[in-house]
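Comments concern the structure below.
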Amino acid sequence: MGHGTSSNFWNSGNDGVRITVVDASSGTAVSSPLDFSNRTQKTSLLHFGKVNKLQYLGGAGLSLQSGVAYSCIRPTQSMPTIVSSKGQSNIEAIKRYFCSEYACMMVAQAAGVDYERMIAGEYKLLIEPIAYFTHNGQYYCMTATAAGLYDQMSGGNLRKTMTSLTHKNLPLSMFLEFSDLGISAWTGSTTGKQNNSDIISTLGVGIVWFDEAPPEGEIEAPDVEYRVDTDVITAVTLRTDQDLTPDNPASVTFHILGTTYRVNDIVIPAGDSQVVWVKWHTPSTPQTVTITVSVSGAYTAQDTFVAKIVDLNEHIPPDPVATDTNPGYSVPPLPSETQKLTANWGVWSCYWVPVWVWCDHGEDGGHWVDEGYWEYEYTGYSASISGEMSLMPDDIVPTASGKTMKSGYGVKTEVRATLSTDAPTSHITYPQTAFSVFPEFQYQTYLRLLQRSGGQSAKFIFKPNEFSTYDRTVHFTPLWFPDATDYTIYTQVWDTWTPDGMLSINLNDYVSIQGSLYDDWYTNRE
């Protein structure tokens, strides 16, 4: 946690999950809750029994099982931790693992249910993260729900000592995107400390279903979406239960569109992990690509990716004309799209520490033997994206004054996005894609893909407008846009890829509308 004491601490990897198989129709349990952990846990730890969130919400009380032996199952293929050893969120890796064929077969076997009936949609998996930690000198096992209930019972004592774990990392490691089994989807903050009420009612739970469609909304099939003709990075997290050294390193091979990319000589200390990636260029046409990953010497939770490659040029706004109207129009609020401004990752290396020991042969002398060992070093890297946007009247607008102009004329934009990083260029891509959406379309449906120049600090402007007589790099404001109103364009900058995912930033700027171009060109008005 970064602030632990000798009597209150938790280490990354001291975690697991509680899984209950439930009937998909009724939501009733068809198995007892089962605990899984990557590490063999003490049988003498303090726990509250194997009670799941549905049972707690149904009225089950919190009962400390002191003196009752605890047991858990250790998977052959290790599960992702709640957070990585470097403090990075593992939620995407968690989702992939528990939706994998391996994990579902493991649960079906342990729970004694039919795997074929499960994947046919008869059952769902209720999954809750577990943390194993020392609190006030005692070693505990708790789900997020149990931690929230225990903190209520102890008057907030748990939150005081274990707050980063029990009230942030643990409950936020799983939550629902869609309401199901009487548990609401989580729409609140996904960072920071959470309160007991939200933890008990909503957080710290995941549900795997096997229907063709989820109960509410939709889930996109692809694991990742890329743009056409773009440099991208595809990464997997490699884990090992034994020391990987230069004498027995791991390797990873990515198979993409008929090309093989191999990463060799990977070293990782036992019980830890490292992200491994390939940098490649997407094709120039939209398509769906299946990426397979082969691993030697270690393992990963996901060995197949479905990548959807899309073309953003398909949403150009229609030609604005003088007769366009939009009665009753009101300016919409700016979108609130997610953005990722920072990324963190790292690479293990190791070096030999010699320990020379004299081997005595008596009268025959002796010889020196190197009984040294491998020492590991972790080199961490980070990246961040920053940017600014300027929206101004086109240079040929005759009556513009600063940022004030009449509607119907064109506006130009200049968007700058800068990547700051300490990583080699093989680890990253510079900002590549920017697109703008517009208030007259409610910031929906249509977008303009901007043209790019520059490298680490990229500059984006509108492409020449096909509806412009003079091929100006502008977007035309609608004639009917309300007077005395700010016309604000919203721009997203994408495709700054790192081993920790894609960085993106959202920007906006405005011009003020006063009058329309009719006021400049038509004077015989009644």
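UniProt numbering puts the first residue of the sequence shown at 1, with every later residue one more than the last. Just so you know, even glycine gets a beta-carbon here, dropped at the ideal spot from N, CA and C. It should be emphasised that the depicted structure is a prediction, and the values quoted were computed from it without experimental measurement.
Residues sharing a beta bridge with residue i, DSSP
i	result
residue 411	393, 475
residue 124	22
residue 262	253
residue 244	268
residue 463	Residue 463 is not bridged to any residue.
Which of helix, strand or coil DSSP assigns to residue i
i	result
residue 118	helix
residue 164	helix
residue 439	helix
residue 135	strand
residue 421	strand
residue 316	coil
residue 519	helix
residue 148	helix
residue 432	coil
residue 95	helix
residue 326	coil
residue 39	coil
residue 56	helix
residue 169	helix
residue 196	helix
residue 507	strand
residue 79	coil
residue 206	strand
residue 104	helix
residue 454	strand
residue 274	strand
residue 514	strand
residue 47	coil
Alpha-carbon to alpha-carbon, residue j and residue i
i	j	result
residue 23	residue 121	9 Å
residue 436	residue 449	7 Å
residue 500	residue 235	8 Å
residue 245	residue 31	42 Å
residue 17	residue 5	25 Å
residue 155	residue 391	53 Å
residue 441	residue 519	24 Å
residue 362	residue 355	21 Å
residue 287	residue 313	14 Å
residue 93	residue 481	46 Å
residue 455	residue 27	53 Å
residue 322	residue 169	56 Å
residue 35	residue 132	12 Å
residue 69	residue 41	11 Å
residue 117	residue 102	16 Å
residue 377	residue 29	46 Å
residue 48	residue 153	13 Å
residue 77	residue 209	21 Å
residue 478	residue 505	27 Å
residue 146	residue 296	39 Å
residue 111	residue 74	14 Å
residue 182	residue 59	14 Å
Own chain partners of residue i with C-beta closer than 7 Å, once the 5 adjacent residues on each side are dropped
i	result
residue 86	Its pLDDT being 43, under 50, residue 86 is placed unreliably by the model, and nothing is read from it.
residue 188	198
residue 290	304, 306
residue 149	56, 62, 200
residue 512	403, 404, 486
residue 276	235, 236, 238, 252, 263, 266
residue 220	The pLDDT assigned to residue 220 is 38, lower than 50, so where the model puts this residue is not dependable; a value taken from the coordinates is nonetheless given after this. Within the same chain, residue 220 has no close Cβ partners at all.
residue 193	163, 167, 168
Own chain, CB closer than 8 Å to residue i, minus 5 neighbours either side, in chain order
i	result
residue 426	279
residue 260	253, 254
residue 109	115
residue 463	448, 449, 450, 451, 473
residue 223	96, 302, 305, 306, 307
residue 459	414, 415, 416, 452, 453
Contact belief for residue i with residue j at Cβ below 8 Å, rounded distance in angstroms
i	j	result
residue 184	residue 202	5 Å
residue 517	residue 407	7 Å
residue 413	residue 514	Actually they are not in contact, since the Cβ atoms of residue 413 and residue 514 sit about 20 Å apart, beyond 8 Å.
residue 54	residue 126	7 Å
residue 498	residue 233	7 Å
residue 415	residue 491	5 Å
residue 99	residue 119	Not confirmed; about 11 Å, so no contact.
residue 320	residue 476	5 Å
residue 139	residue 46	7 Å
Same chain only: Cβ atoms within 6 Å of residue i, ignoring 5 sequence neighbours per side
i	result
residue 457	418
residue 359	366, 367, 369
residue 134	9
residue 151	158, 159, 196
residue 33	18, 20, 50, 52
residue 231	281, 429
beta-carbon residue i near the ligand FMN non-hydrogen atom, thresh 8 Å
i	result
residue 353	Looking for the ligand FMN in the displayed structure turns up nothing, as the structure carries no ligands at all.
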